[in-house]
Amino acid sequence: MQLRYNYRAYPNASQRRALGRAFGCARVVWNDCLRDRKQAHAAGLPYVKSAELSRLRITQAKRTEERAWLADVSAVVLQQSLRDLDTAYKNFFDSLKGKRPGRKAGPPHYKSKKDTRQSIRFNTNAFCLQGDGTVYVAKVGNLKVKWSRRLPAAPTSLTVTKDSSSRYFLSFVVDTEPDILPEAETEAGIDLGLSAFAVLSDGSKIDSPRFLRRAEKKLKRLQRELCRKAKGSKNRAKARIKVARQHARVADRRRDWHHKASTQIIRDNQAVYVEDLAVSGLGRTRLAKSVHDAGWSAFVRMLEYKAAKHGRTFAKVDRAFPSSQVCSACGFRDGPKPLHVRKWTCRACGTVHDRDHNAARNVLCEGRRIVAAGRAETPNACGAPVRRAPAPAQRGEAGSPRKGQPTQAGIPGLLGQGARQSFSTGA
């Protein structure tokens, strides 16, 4: 399976300028190729092939006066940008034909230099791990990296990202074998909520940390300072960075907490069942801020790929299942209840239920039924995985065979040091 490992990078001033040029060149190639395809479609011409775009917008463009600066960056960056455009079009076409599950994918859009997130990608021909713990990137140099842990295998792809708070990250894609955990005796149904982040079928509750609510006071002050700055001024740019960094701290804390909570649940339970919530719909209600602060979608994705990685069973219960209406003791459906009703008594058997605990028990029963029907990702009797959930790194991630490249697994400069575990890297 493929996994992605993220590390913080600290480029110096010249390296930041080189990365800025690479971000800009990749963006220009994307926009030029996208414009050609849109113009061909408007004129009724056939779809422009990637080989033709590579020849016109990369190879020949470097020889022109207005695009000569494309030669200042690695050619791999430009080719990967074109591959990303091809992937975006493929997702769009597959979505139109119904071949792509999930939400509908729209057509590719033009990129702007004012986008808060910039990224470029490299294959193994354009980067390698150095013996001193740095990472060499073609036409950028040796980047200083904060290694939180060793890579389990030689990486096949590298993505360099600059976020809205001007932080740089290196994202490695590696092929790894599943790390099967010892079999556990318990199973868990999970009911996600706002008052309590999650309630498990055994009655245990996970309180919601509400990171955004706790940081709201400081965010309001920083946002007021930003609004008072003149547009286009340097002081406004500095104030924007302060706001972005505060939001990044909130997101980092939430992500770290999600990783720790999801890892603990996966380690303690052989099977995990969770309700498939309509988060995008709830995000348009009066509860939007609390819903986004909870981060249910990210948490469920972590449960899904960690279950695949560690050989656990994972299943989603349909959102239409009435988990809050059915009595988990006798199965009587007692009808819908408003959100302010946290406890209720079954009219058939007289059992007093806690709303969330009852829903978690119903999710557990429904999840077991789904697995028994063979419609969920679960190991078979021999321990081999059946329809494993996808790992965080996409299979379409570009890579190339390592033809004698010095790239190797682990961090050569840190082979003698114990690698500290960091849940925030996402594996």
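Heads up, the sequence shown is in numbering that gives the first Met the number 0, so the first residue is 0 and it goes up one at a time.
All residues carry an ideal CB built from backbone N, CA and C; glycine is no exception.
Whole-angstrom distance between residue j and residue i, CA atom to CA atom
i, j, result
"R120", "D206", "39 Å"
"P400", "C127", "Summary for P400: the model assigns pLDDT 42, below 50, so the residue's position carries little reliability; its value from the coordinates is reported in the next sentence. Distance between the alpha carbons of P400 and C127 is about 13 Å."
"Q129", "Y9", "15 Å"
"R82", "V136", "19 Å"
"H108", "S279", "22 Å"
"G97", "A372", "25 Å"
"A306", "H40", "43 Å"
"Q59", "R102", "38 Å"
"L191", "G294", "10 Å"
"K259", "L276", "21 Å"
"R368", "A314", "10 Å"
"T443", "V273", "Since the first residue of the chain shown is 0 and the last is 426, residue 443 is not available in this structure."
"R213", "M301", "24 Å"
"T63", "A70", "11 Å"
"S327", "F92", "44 Å"
"E224", "A152", "46 Å"
"A50", "K61", "16 Å"
"K204", "H356", "9 Å"
"P337", "F331", "18 Å"
"S232", "M0", "48 Å"
"H184", "T86", "In the sequence on display, residue 184 carries Glu and not His. Cα to Cα, E184 sits roughly 42 Å from T86."
"R166", "G132", "19 Å"
"R341", "R354", "5 Å"
"K435", "S147", "Because the chain here runs from 0 to 426, residue 435 falls outside it and cannot be looked at."
"V159", "Q38", "31 Å"
"H257", "N11", "32 Å"
"T155", "K113", "30 Å"
"P378", "R54", "Residue placement at P378 is flagged as unreliable, the pLDDT there being 45, under the threshold of 50; the coordinate-derived value follows with that caveat. C-alpha separation (whole angstroms): 47 Å."
Residues sharing a beta bridge with residue i, DSSP
i, result
"H257", "Partner(s): none; H257 has no beta bridge."
"Q129", "None, per the DSSP bridge assignment."
"G188", "Y272"
"L142", "V134"
"T429", "A query on residue 429 cannot be resolved here, the shown segment of the chain reaching from 0 to 426 and no further."
"I205", "A197"
"H352", "W343"
"Y4", "F171"
"R332", "V325"
"P154", "V173"
Own chain partners of residue i with C-beta closer than 7 Å, once the 5 adjacent residues on each side are dropped
i, result
"C32", "L52, R56, L81 and L84"
"P335", "Q324"
"G282", "V290 and H291"
"R209", "D292"
"V28", "R56, I57, L77, S80 and L81"
"C345", "C326, A328, C329, F331, D333 and H352"
"V299", "V273"
"R252", "F210"
"E182", "Q269"
Expected contact under 8 Å - CB spacing of residue i and residue j to nearest Å
i, j, result
"L199", "A359", "6 Å"
"N268", "E186", "6 Å"
"Y46", "L150", "In fact, because the Cβ distance is near 38 Å, the residues do not count as touching under 8 Å."
"S164", "R244", "4 Å"
"K502", "R248", "This structure leaves residue 502 out entirely; the chain is present only between 0 and 426."
"R311", "A270", "7 Å"
"S322", "V362", "5 Å"
"H309", "L180", "5 Å"
Contacting residues, own chain, Cβ-Cβ under 6 Å from residue i (five flanking each side not counted)
i, result
"Q117", "F22 and K161"
"A25", "V76, S80 and I119"
"Q14", "V139 and G140"
"N234", "K228"
"A197", "I189, L191 and I205"
Sequence-distant residues of the same chain with beta carbon closer than 8 Å to residue i, five excluded per side
i, result
"V134", "A8, F126, C127, L128, N141, L142, V144, L157 and L169"
"K138", "A17, A21, D71, V72 and S73"
"L221", "A238, K241, V242 and Q245"
"K217", "Q245"
"Q404", "Per-residue confidence for Q404 stands at a pLDDT of 46, beneath the threshold of 50, marking its modelled position as unreliable; no derived number is given."
"A42", "none"
Residue-chain proximity (residue i, chain B), Cβ-Cβ < 7 Å
i, result
"W343", "No chain B appears in this structure, which consists of one protein chain only."
Exercise for review: Tell me the start and end of each unbroken beta strand (DSSP E) in the region 242-328 that is at least 3 residues and wholly inside, in chain order.
Suggested key: Listed in chain order, they are 270-274 and 312-316.
Practice item. Would you list, in sequence order, the uninterrupted alpha helix (DSSP H) runs of no fewer than 4 residues that lie entirely inside the region 17-75? Key: Correct list: 49-53.
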